[in-house]
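Working notes for the structure below.
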Amino acid sequence: MEAPAAPHSRAETELTVTSPDQMRELGRRLAKLLRAGDLVMLNGELGAGKTTLTRGLGEGLGVRGAVTSPTFVIARVHPSLGEGPPLVHVDAYRLGGGLDEMEDLDLDVSLSDSVIVVEWGEGKVEELTDDRLDIVIHRAVGDTTDEVRHVTVTGLGERWAAADLGVLSA
0 MEAPAAPHSR AETELTVTSP DQMRELGRRL AKLLRAGDLV MLNGELGAGK TTLTRGLGEG
60 LGVRGAVTSP TFVIARVHPS LGEGPPLVHV DAYRLGGGLD EMEDLDLDVS LSDSVIVVEW
120 GEGKVEELTD DRLDIVIHRA VGDTTDEVRH VTVTGLGERW AAADLGVLSA
């Protein structure tokens with residue numbers, strides 16, 4: 000008789016963000032929870048705030064270089080200015096194959112020693128690790144200037160099982 004499979008550990012919180020400044024601040028708060036080897040997947044419509052969140056995360060991690068969308072270069076490495084891990088910022092929008100293509104990027108950094116943020120990573124990079132943060136940013140679509148974003152942060156795996164994601168709404 001086989002033992003039942005262990006359920007996937009998960010923690011989740013939902014937040015409402017009303018401005019780009021608040022999205023950057025969310026990234027700064029998120030940085031306090033992250034450590035080397037963490038994978039963060041960002042998903043949301045164009046213009047939802049994925050890069051703005053990553054910019055705040057870079058500020059919170061204290062990395063070098065302006066965090067901008069890596070759409071055309073696919074990945075950027077931002078070394079730490081202190082003792083923290085580097086930030087690897089990937090835009091997987093144009094990647095089709097997942098891990099093989101990630102490895103082909105020849106990033107000059109060990110992924111286990113870095114914080115990795117992947118925009119548009121759903122269905123492409125989940126196999127990097129069982130432990131990850133999935134962040135989905137929802138915004139009003141269409142002809143609107145609405146800055147309100149609904150952000151769902153889900154921690155998956157043992158790494159995030161006991162995490163207090165509620166501190167992100169502080």
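Numbering (numbering that gives the first Met the number 0), first residue to last: 0 to 169. Just so it is clear, CB atoms sit at the ideal spot from N, CA and C, and this is done for glycine as well. Because the structure is a prediction, the values reported are computed rather than measured.
Worksheet item: Could you give the uninterrupted runs of the beta strand (DSSP E) lying entirely in the stretch 121 to 164, keeping only those of 3 residues or more?
Response: 131 to 138, 148 to 155
Fill in: Simplified DSSP state of L56, which is helix, strand or coil
helix
Practice prompt. Taking 8 Å as the threshold, find out whether the stretch 26 to 44 comes into contact with the stretch 122 to 138 through three or more Cβ pairs.
Written response: yes
Worksheet entry | First and last residue of the uninterrupted alpha helix (DSSP H) at D20 | 19 to 30
Item to complete: Please confirm if the stretch 151 to 158 is in contact with the stretch 44 to 63, defined as three or more CB-CB distances below 8 Å between the two stretches.
Response: no
Discussion item. Assuming contact is defined by CB atoms lying nearer than 7 Å, are S68 and E146 in contact in what I supplied?
Written reply: no
Worksheet entry | Member of S168, R158, P85, R9 whose CA lies at the smallest distance from the CA of R63 | P85
Fill in: Where L132 falls, given that 16 or more other Cβ within 10 Å makes a residue buried
buried
Practice prompt. Determine, using beta carbons only, whether A47 and I136 come nearer to each other than 7 Å.
Written response: yes
Discussion item. Can you tell me whether T12 is helix, strand or coil according to DSSP?
Written reply: strand
Fill in: Boundaries (first-last residue) of the beta strand (DSSP E) holding V39
38 to 43
Fill in: Contact set for L167: own chain, Cβ-Cβ below 7 Å, skip 5 residues either direction
T12, L14, L25, R28, L29, V152
Item to complete: Can you say whether S113 is buried or exposed, counting buried as having 16 or more other CB atoms within 10 angstroms of its CB?
Response: buried
Worksheet item: Going straight from the alpha carbon of L33 to that of V140, what length do you get?
Response: 30 Å
Fill in: Burial state of A91 (16 or more Cβ within 10 Å)
buried
Fill in: Anticipated Cβ contact below 8 Å, V89 with E118, distance rounded
7 Å
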